[in-house]
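Read in order, the letters of the sequence shown correspond to residues 1300 to 1574 in the working numbering.
Here is the structure we will look at.
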Amino acid sequence: MTGAVEEPGKKLGTAPVGPPPDFVHGRGQEPAEAPQGNLSASHVIGNNPTVGIIQGFIPTDLTVQTMLTGCLSDPRLQRYAAAAKGDGVAREDTYLWNCDLAEAFHLPLHMAEVSCRNTIHSALMFKNMKWYQDDIFQKLLDPARRADLQRAIDDENSQHGANFDAHHLVSALTFGFWEHMTTKRFERWLFPRGIQKNFKHAPWQAKLEDLRIRIEGVRRWRNRVVHHNALFDKHPTAKYQDALDLISWTSSDLAQWVSTRCKVNQVINNRPRKS
């Protein structure tokens, strides 16, 4: 991700394994062992010796391919045809592998978003326990975000009544709203002493714009994942590292823990190829 600042000599929450070196250009990582991990049922090696195993995958049969084409559409699956042809497999196999990859991204993206928005919220709470009513804060918001906030307040008030407080807004507001908190307009009001007061593990030289760029990149990738788009040829290893890095700015321990549980690199290394 461009614009991010790395702390010299220290890499927190680094992904423990990497893809084949030709998968993400310029990374130069060696392929890791590919334990099966939590792959979908159709992609786990079986004991049937008559089934043609392709690097840990059971190829889909014609019945499944026809079903997927009928339900998901030929144009959608055709997006995967060129990559599948190069690997000597059916496009449906490459599509299902991409589904496994999307599933594997759930944990790091979940932790990146939730830890990040909670950290920003802590900065708001330090300013005002009812920050959402603060006149200065309201004036700093752009009109669209001010409308988003009011809708969230109304929705949460209707659900929680007298028990409503600021914490109910954290998950009610979009990741884009929290990214807005890291734009230049909020710097003097919310982060007058720099982001390190709240993002305690951010590199000492990191600026608010560096944080915003990281959040934007993770948010855009999250949107790509949840909208079921192709991921496999969009540098997923780099995107995984971006998520880990954002987590590490809040907690290096959490980033390390996520990296030991996440299956992204295992799924990448299980790319279906004809042997």
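Using N, Cα and C, we set each Cβ at its ideal position, and we do this for glycine too.
| Run through DSSP, which three-state label would residue 1407 get? | Here residue 1407 sits in helix by DSSP.
| Is it right to say residue 1563 is buried, meaning 16 or more other beta carbons lie within 10 angstroms of its own, or is it exposed? | It is buried - the Cβ of residue 1563 has at least 16 other Cβ atoms within 10 Å.
| query | Can you tell me the Cα-Cα spacing of residue 1463 and residue 1382, whole angstroms? | reply | Their backbone Cα atoms lie some 51 Å apart in a straight line.
| message | Beta-carbon within less than 7 Å of residue 1535's beta-carbon, same chain only, minus the 5 sequence neighbours each way: which residues are those? | response | Taken in chain order, the residues that qualify are 1400, 1563, 1567.
| Rounded distance between the beta-carbons of residue 1550 and residue 1414, thought under 8 Å | Cβ atoms of residue 1414 and residue 1550 come within 8 Å of each other, at about 7 Å.
| message | Between which two residues does the alpha helix (DSSP H) holding residue 1524 run? | response | 1507-1525 is the span of the alpha helix (DSSP H), which, as asked, contains residue 1524.
| Does DSSP put residue 1388 in a helix, in a strand, or in coil? | Per DSSP, reduced to three states, the secondary structure at residue 1388 is coil, with no helix or strand assignment.
| task | Hey, could you find the ends of the alpha helix (DSSP H) residue 1448 is sitting in? | result | First-last of the alpha helix (DSSP H) with residue 1448: 1442-1459.
| request: Put residue 1424 into one of helix, strand or coil per three-state DSSP. | output: Correct three-state label for residue 1424: helix.
| Any idea what DSSP makes of residue 1568, helix, strand or coil? | Residue state, collapsed to three classes: helix.
| query | Are three or more beta carbon pairs between the region 1400-1412 and the region 1511-1525 nearer than 8 Å? | reply | Contact between the region 1400-1412 and the region 1511-1525 is present, because at least three Cβ pairs lie under 8 Å.
| Would residue 1416 be called buried (16 or more neighbouring beta carbons within 10 Å of its own) or exposed? | Counting Cβ neighbours within 10 Å, residue 1416 comes out buried, since at least 16 surround it.
| Buried or exposed by the 16-neighbour rule on C-beta atoms within 10 Å, applied to residue 1552 | Answer is exposed; the Cβ neighbour count stays below 16.
| request: Inspect the beta-carbon positions of residue 1474 and residue 1418 and report whether they are closer than 9 Å. | output: Cβ distance not < 9 Å, so residue 1474 and residue 1418 don't count as in contact.
| task | Kindly indicate which three-state DSSP category residue 1535 falls into: helix, strand or coil? | result | The answer is helix: DSSP assigns residue 1535 an H, G or I state.
| What's the call for residue 1435, buried or exposed, on a 16-neighbour Cβ count within 10 Å? | In summary, residue 1435 is exposed, with fewer than 16 beta-carbon neighbours lying within 10 Å of its beta-carbon over all protein chains present.
| request: Could you tell me whether the Cβ atoms of residue 1471 and residue 1455 are closer together than 9 Å? | output: Closer than 9 Å, so yes.
| request: Return the chain-ordered list of same chain residues with a C-beta closer than 6 Å to the C-beta of residue 1391, the five sequence neighbours on each side being excluded. | output: Around residue 1391: 1359, 1364, 1367.
| For the alpha helix (DSSP H) that contains residue 1430, what are its first and last residues? | Neither: residue 1430 is in no alpha helix (DSSP H) and is coded neither H nor E.
| message | Going by DSSP, what residue range makes up the alpha helix (DSSP H) through residue 1364? | response | Run containing residue 1364: 1361-1371, per the alpha helix (DSSP H) assignment.
| request: Quick one: residues in its chain with C-beta nearer than 7 Å to the C-beta of residue 1485, no 5 flanking neighbours on either side, listed in chain order? | output: For residue 1485, where only same-chain residues beyond five positions count, the Cβ hits under 7 Å are 1439.
| What are the start and end residues of the alpha helix (DSSP H) that includes residue 1488? | 1486-1489 is the extent of the alpha helix (DSSP H) around residue 1488.
| query | How many angstroms separate the CA atom of residue 1432 from the CA atom of residue 1388? | reply | Near 57 Å, if we compare the C-alpha coordinates of residue 1388 and residue 1432.
| Just the Cα atoms here: how many angstroms apart are residue 1561 and residue 1405? | Their Cα atoms are separated by approximately 9 Å.
| field | Closest residue to residue 1407 among 1428, 1570, 1546 (Cα-Cα distance) | value | When 1428, 1570, 1546 are compared, the shortest CA-CA separation from residue 1407 is found for 1546.
| field | Exposure of residue 1410, with buried meaning 16 or more beta-carbon neighbours within 10 Å | value | The residue is buried, with at least 16 neighbouring Cβ atoms inside 10 Å.
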